[in-house]
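Before any comments, here is the structure.
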Amino acid sequence: MSSPVVHPAHHAPTGFIRRYIFSLDHKVIGIQYYFLAVFSVFLGMALSVLMRFHMVYPDAKVSLFEKLWPTGAPGGIMTPELYLSLMTMHGTIMVFFVLTTAPQSGFGNYFLPIQIGAEDMAFPVLNMLSFWTTFLALMVMVAAFFVPGGAPLAGWTAYPPLSAVGPLSGPGEGLGQTLWIISIAIFCGASLMGAINFIATTIDLRARGLSMMRLPLTCWSWFVTAILGLLGFAVLLAAGVLLLLDRLAGTSFFLPAGLLVNDQILNHKGGSPLLWQHLFWFFGHPEVYIAILPGMGVASQLLSTFSRKPIFGYRAMVYAILGIGFLGFFVWGHHMFMSGMNPYSAFAFSILTMSIGVPSAIKTFNWIGTLWGGRIQFTTAMLFALGFVSLFVTGGISGIFLGQPALDLYFHDTYFVVGHFHMIMGVAAIFGMFAGTFYWFPKVTGKFMNETLGKIHFYLTFIGVYCIFTPMHFLGIAGNPRRYADFTNFDFMGKLMPVHTFMTHAAIATMVVQFIFLFNLFWSIKKGKPAPSNPWNATTLEWTIPSPPPFDNFAGKHPVVNHGPYEYSVPGAPKDYIMQSDPA
Amino acid sequence: MAGSLTTEIVHGPPPPPTRNFGGGDGEPGGRGAHRRASMTGLLVLLAASVMLFAAFTSAFFVRRGMSNDWVDTPLPDILWINTAILVASSFAIELARRTLRSGKRAAFDRYWTAATILGVLFLGGQYLAWRQLNAAGFYLATNPSSSFFFLLTCTHAVHLLGGISALGYIEVQALLLRLGPGKRTAIDVSAYFWHFLDAIWIYLMALFFFWG
Amino acid sequence: MLLGPVVWVLTLVICYFFLGHYWWFPPPISQHGQAYDQQFTATLWVTGIIFFCAQMALGWVIVKFRDRGGTAHYSHGNNVLEVVWTSATAVLFIGLVLAGTRIWAAVHFEDAPADALKVEVMTKQFAWSFRYPGPDGKFGKTDLKQVNDQGGNPFGIDDKDPAGKDDITSASLKVPAGRPVELIMRSRDVIHNFFVRELRLKQDIVPGMEIPFHFQADQVGTYEVPCSELCGLGHHQMRTTLEVMAPADFQKWLQEQAAQK
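Taken in order, these protein sequences are the chains called A, B and C.
Residue 640 is where the first sequence ends in my numbering, and the numbering goes up by one at each step.
Residue 223 is where the second sequence ends in my numbering, and the numbering goes up by one at each step.
Residue 1517 is where the third sequence ends in my numbering, and the numbering goes up by one at each step.
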């Protein structure tokens, strides 16, 4: 069933540097991205726990704070500006260095070539460059903590004029904000490199017999996500360049006339803060689909595998992915309903936003339809996939409120928004990553992760994240604004403190629980139970090769695909699964 | 894929596979798939670049429409000469590719070198244009139109530097007599990228001529 | 399998808190506020039912179809079902938006009534200022160079303009009940946002723009106004109040302010 041997894309690497550092092997690069994301997510989580702590104990004296941030926390008491810079970096690190790396460039890099039967990505050198460019971007971002003035405080959305007038508008708005912009610009370049590889690989390197409509849904998600990234990051780069010029070169793209900041009259003229918002959110909305689509692909893959049933409505799922990707470019204005933009365009954006709910609902119904009539096996991977569905419903449903400008008149910039995007990005997408980890760990390492630890981690985290993020919706209904360092200045917020305290305790507990996962991950690499090459009796091509895979994946052979990706429990078949490369 | 190209030079070309052009519903290996992947990759790169210039263009029109401090930037005459140089370089590239198809290596070298030199001349001419504008009192932050002029021409110039690097790489390979059939794709990708830069330049000239 | 009941319990707890209104909107003080609450309630019922059914169904399939031997049901889907639930979702979601359009239109498509009380709003890091035109009904011109926060001139009212002499500046927003008010909102430095929970209204205040925004408050009282767009390190302290006064009291206050000029 294989074709004549063809010269491999690159020889087996020798030497430590070539094998593990500057590797051209998509598998190594995928693992590098994954660990970059693991590092970033723990950093981002630490920042969020610091934030939650401050919100509930704003006057606490913590000597560690003073050691880390002498100017930001004099006497050990966190200042509001320090809080805001921790918040800015939390959002930035999580969105870019966790949610835009691991789901796509981590899992996708490792498994896209294998799932399509290729021996590597289309451009291995470019692939290596994309990782190290991402790494450089992370270094520049982290450097912002250490420069005079510290990290920026304008939020991950960096709206001008706050982000454009330099240190006048606040601490951290000097070199810290500049480094932030430079880091993001570098990240845009890295993303583009990744997009080139993903798109070319998916279109041109598929195995014989692997038509687009036989692709696993993971591959479809990675493919569409790459297209979103390609189109979106270029616009973010443009916005970043314009912002940098306003900050450093005296231009007035975003800065209007008549600015009096901190007792200083500025010379700018005629720019528009709204222009930044349009450019940023034109990127920003597709970005959130970049964050969630790979997780949806993983969920589909696992729900099918562990129900021993084909995915319900494969075609509809593909159209839903395409629909979400396409429509995602036309809804950016829903982040700007209150911005002062034309209210008629707000109405238009709102209709389109509701329309995106439709393919998302299709996917949810189809996931449940996949489970219906199945033979569900509750591996840890499956638990995370099921948890993903529940969290996606909860997180997505609050979008129905926010997508209506009439309701957004109250909810904009409240904790309702914070609850919404955390549920969907900060939890559902993360669960997609957990699911992928437990599912593919045996293929990458040849060992199983520990199921007991996995299940404990799953249940505690699942309940924990519901405890952290659901109350945010109630806070939003009560009108609690977001991005507040503390709530001591308003009478109505005093009554909400018990909710904040509950959320803080839940956040600390849930963060502690994540160390169970970290332990499980590293311990299992060394001491995990050995796993066969197809431990889940799954159908896609990665399960036809040894665990861990040889350097060129298919050992010089080229698989031929004869079946769709989800042929489970086919009546009359000898086993309850038919692999994609099994004879026709 | 740089690795495989040098490998081919060192070890000779791989044995011909049973199907020449695979990939997609055919074989993923072989030169056919690599060529197609490179073309797809180029298309992706061009799409991103189009989005970058589109974003700048939309900012251009928004900014132009909303304020009354827009003063058109006078286009230095040298820009027309630069445009001619760039168009000529594209012609040179095409002539180079035609002659290569007929196997005339020496002619290819001449045309490709000409194109590369013209590209460098273009960049030099751009620098002169910027200096001329500075001398006339137009700097990056002088007014919104001049901001966009410098921004857009600089972005184009950065792209062009990339293009010149690609042309230069092929130039070096040609001089070292390493332009085997495996380099065909690299030549074509560089050529298409170059033509794209030409088109973007003409677009920018039109933008500033009519609206700038 | 335990996951099924866990999902059910979480769903029931969440529904309980939503139905119990433990942390909820303050009562509305305007007709817009009442219309808002109706739209919210409609959305809450639609989404709540979808939420409840989806989570319950998820829990149910987890429990019912756990592996107990036997074979799974081989099926690639059901086109009729797809069409039905897709159409239902589309109708519900888009229906909700269309229903809310009246509310959005009343706030933003229509201009303020001609007899609205005009008040200028000026925001800066990190304070609110409001300006009333005074007995002459005209706002004086402003000049950035004449801004003097300590001296009580946050707007920078131009001392050469006679129309500005009787302008009344206030740190809080006082309005008469039952009368339309038009705010003209400006910012001196960065983007801020005016939000009154009881009015169910908010609006970004953008430097370089003068944004008109109208409302009518019908209930006397004092309502907190938290800045609702990140504006810097004092964002969480940027507080003012909306004081809705009986019309006679408001007139008295205006006269007192005018007399002090």
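Cβ atoms here follow ideal geometry from the backbone N, Cα and C, with glycine treated the same way.
Computed from a predicted model, the values in this text were never measured in an experiment.
{"Asked": "Contacts around C/ALA1531, its chain only, beta-carbon distance under 8 Å, and the 5 residues preceding and following it disregarded", "Found": "This structure does not reach residue 1531 of chain C, given that chain C is present from 1257 up to 1517, and the question cannot be answered."}
{"Asked": "Through-space distance from A/VAL474 to A/LYS511, alpha-carbon basis", "Found": "28 Å"}
{"Asked": "9 Å Cβ cut-off: residues of chain A touching B/SER78", "Found": "SER308, PRO312, ALA313, LYS325, GLY326, GLY327, SER328"}
{"Asked": "Those runs of the alpha helix (DSSP H) which lie wholly inside the region 429 to 456 of chain A and span at least 4 residues", "Found": "436 to 453"}
{"Asked": "B/SER100 - DSSP class collapsed to helix/strand/coil", "Found": "helix"}
{"Asked": "C-beta neighbour in chain C for A/VAL474, strict 8 Å", "Found": "no"}
{"Asked": "Three-state secondary structure assigned by DSSP to C/MET1378", "Found": "strand"}
{"Asked": "Minimum Cβ-Cβ distance from A/VAL317 to chain B less than 8 Å", "Found": "no"}
{"Asked": "Residue nearest to C/PRO1482 in terms of C-alpha spacing, selected from A/THR596, A/VAL568, A/MET549", "Found": "A/MET549"}
{"Asked": "Backbone secondary structure at B/ASP120 - three-state DSSP", "Found": "helix"}
{"Asked": "Residues near C/LYS1394 by beta carbon distance below 7 Å, same chain, minus five either side", "Found": "ALA1419"}
{"Asked": "Within-8 Å CB hit, C/SER1331 to chain A", "Found": "yes"}
{"Asked": "Which of helix, strand or coil DSSP assigns to C/VAL1431", "Found": "strand"}
{"Asked": "Cβ pair C/ARG1387, C/ASP1423 closer than 8 Å", "Found": "yes"}
{"Asked": "Of the listed residues A/GLY173, A/SER141, A/ALA220, A/LEU168, nearest to A/VAL198 (C-alpha basis)", "Found": "A/SER141"}
{"Asked": "Cross-chain neighbours of B/VAL73 in chain D, by beta carbon under 7 Å", "Found": "Checking the listed chains, one finds no chain D in this structure; the protein chains it contains are A, B and C."}
{"Asked": "A/ASP260 - DSSP class collapsed to helix/strand/coil", "Found": "helix"}
{"Asked": "Beta-carbon gap between A/PHE530 and C/TRP1360 smaller than 8 Å", "Found": "no"}
{"Asked": "Nearest-angstrom Cα separation, counted from B/GLY76 out to A/MET567", "Found": "50 Å"}
{"Asked": "8 Å Cβ cutoff met for C/PHE1296 and C/ARG1453", "Found": "no"}
{"Asked": "Check whether B/HIS170 and B/LEU139 have beta carbons under 8 Å apart", "Found": "no"}
{"Asked": "Opposing strand residues paired with C/VAL1481 [DSSP bridges]", "Found": "C/THR1496"}
{"Asked": "Candidates A/ILE321, A/THR436, A/GLY226, A/HIS341, of which the one nearest A/TYR495 by Cα", "Found": "A/THR436"}
{"Asked": "Candidates A/VAL97, A/TRP579, A/LEU273, of which the one nearest A/GLY351 by Cα", "Found": "A/LEU273"}
{"Asked": "Selection of the region 1376 to 1407 of chain C by Cβ proximity to chain A, strictly under 9 Å", "Found": "LYS1380, GLN1381, LEU1400, LYS1401, VAL1403, ASP1405"}
{"Asked": "Sub-8 Å separation of A/ILE149 and A/ASN609 beta-carbons", "Found": "no"}
{"Asked": "Same chain, Cβ closer than 8 Å to A/ILE519, five either side skipped, listed in chain order", "Found": "none"}
{"Asked": "Opening and closing residue of the beta strand (DSSP E) in which C/GLN1459 lies", "Found": "1457 to 1461"}
{"Asked": "Cβ pair A/VAL354, A/GLY492 closer than 8 Å", "Found": "yes"}
{"Asked": "Which of helix, strand or coil DSSP assigns to B/ASN154", "Found": "coil"}
{"Asked": "Cα-Cα separation, A/PHE289 to A/PHE338", "Found": "9 Å"}
{"Asked": "Beta-carbon gap between C/ILE1440 and C/VAL1462 smaller than 8 Å", "Found": "no"}
{"Asked": "Where C/PRO1436 sits in the DSSP three-state scheme", "Found": "strand"}
{"Asked": "Reduced DSSP secondary structure (H/G/I, E/B, other) of A/SER219", "Found": "coil"}
{"Asked": "Short-range partners of chain A found in the region 44 to 59 of chain B, where Cβ spacing is below 7 Å", "Found": "ALA44, ARG47, ALA48, THR51, GLY52, VAL55, LEU56, ALA58, ALA59"}
{"Asked": "Top-ranked residue by Cα proximity to A/PHE368, from C/HIS1329, C/GLN1472, C/SER1484", "Found": "C/HIS1329"}
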